[in-house]
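As you go down the protein sequences, you meet chains A and B in turn.
Residue numbers for the first sequence follow the working numbering, beginning at 1 and rising by one.
Residue numbers for the second sequence follow the working numbering, beginning at 1001 and rising by one.
Glycine residues also receive a C-beta, built at the ideal position from the N, C-alpha and C atoms.
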Amino acid sequence: MRLMLSPVRRALTRHRLSAPRSRRIAAVAAIGPLIVLTGLLWALAQVDRLPLLNPDRHGFWSLAVEPPLLVLLAGVFFHRFIALGLIRDLSGSEVD
Amino acid sequence: MFATGFLVLAACLLAQVIVGDDVWNRSAWRRYFFPGFGFVMGLAMWGVAVLASGSTIHLIAHFTWAQVMMLAGGAHLGLARGKLQHRFWRLTMPLALGVSGLAFLGHEEHGWLYSRSALVHHICGWTLVVGALFPLGAAFRPRSHFFRLGFAVTFVVLAIALFALRDSGPALGNAPSIARGDSRS
């Protein structure tokens, strides 16, 4: 997690960014963790939506597709593969 | 799975509004992601049409849906590549959303509160029909944050509605569903 967040921290601290630009970086960096948080809260609020916790009562498809976990994974995917690259490009465009 | 795809797509559209087109288009992967995703979803819809359609109206709705999604995806791939220049090609996106919404509404023969599935179909249908106004506006005012944000929020609502589709419970909480044949309701 520390490794994943370090480019965000670098982008926010090393370069003296204009306020709107730093707000944009913070907003993009917040999308993924917010989606992950939503997935976690959903999993806690509706534990019965996690067939993984009671595997004997469910078939393969229910076990393979667990909605709260999919939301969580979507957040991780977005942050890891899209947001970090965007933040690098955004901070790079300020340095240029 | 479709809901997860729409959620990632919504996050991408939201991020694109925040950072702007210049930064977003620096990466070729990002530039082609949205139209490519639309095209692949259109291809996948042919499979859904063949495997999951229970009636003629279902078949027609899904086939029409698949075609407009592929048209919009293909046109936007051409726009992203620079092969297509005319801004009217951008109208394929509101066309795809509008037709998708009408397909949702057209093949759901039951009322809003018949079942949770019927409710979700109506919500998705009207979300897409209303949501089509945002890319329509963006086709003529591409810099407008309002239209682009509305487009992103359309996909957020779609993702939430599709995630709710997996529930097999009644439409609204513990209220008796018409689907159970409760004549008192």
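For residue 1047/B, the closest alpha carbon among the candidates 1091/B, 1111/B, 1055/B and 1059/B is that of 1059/B. For residue 1160/B, no CB of chain A lies under 7 Å from its own CB, so it is not counted at the interface with that chain. Relative to residue 1132/B, the option among 1164/B, 1114/B, 1091/B and 1086/B whose CA is nearest is 1091/B. By the criterion of at least three beta-carbon pairs nearer than 8 Å, the segment 1049 to 1056 of chain B is not in contact with the segment 1076 to 1085 of chain B.
As the crow flies, the alpha-carbon of residue 1157/B is around 33 Å from that of residue 92/A. A distance below 7 Å separates the beta carbons of residue 1110/B and residue 1118/B.
Residue 1140/B sits away from residue 1121/B, with the two beta carbons spaced by 7 Å or more. Annotation for residue 1008/B: the continuous alpha helix (DSSP H) segment containing it runs 1002 to 1019. Against chain B, a Cβ distance below 9 Å from residue 70/A picks out 1001, 1003, 1004, 1007 and 1163.
For residue 46/A, the secondary structure class from DSSP, reduced to helix, strand or coil, is coil. For the segment 1008 to 1028 of chain B, the beta-carbon criterion of a distance under 8 Å to any beta-carbon of chain A is satisfied by 1008, 1011, 1012, 1014, 1015, 1018, 1019, 1022, 1023, 1024, 1026 and 1027. Of 1017/B, 1002/B, 1100/B and 1008/B, the smallest CA-CA separation from residue 36/A is found for 1008/B.
Between residue 1006/B and residue 78/A, the alpha-carbon positions lie close to 12 Å from each other.
Against chain B, a Cβ distance below 7 Å from residue 24/A picks out 1018 and 1019. Going by C-alpha positions, residue 39/A is about 27 Å away from residue 1031/B.
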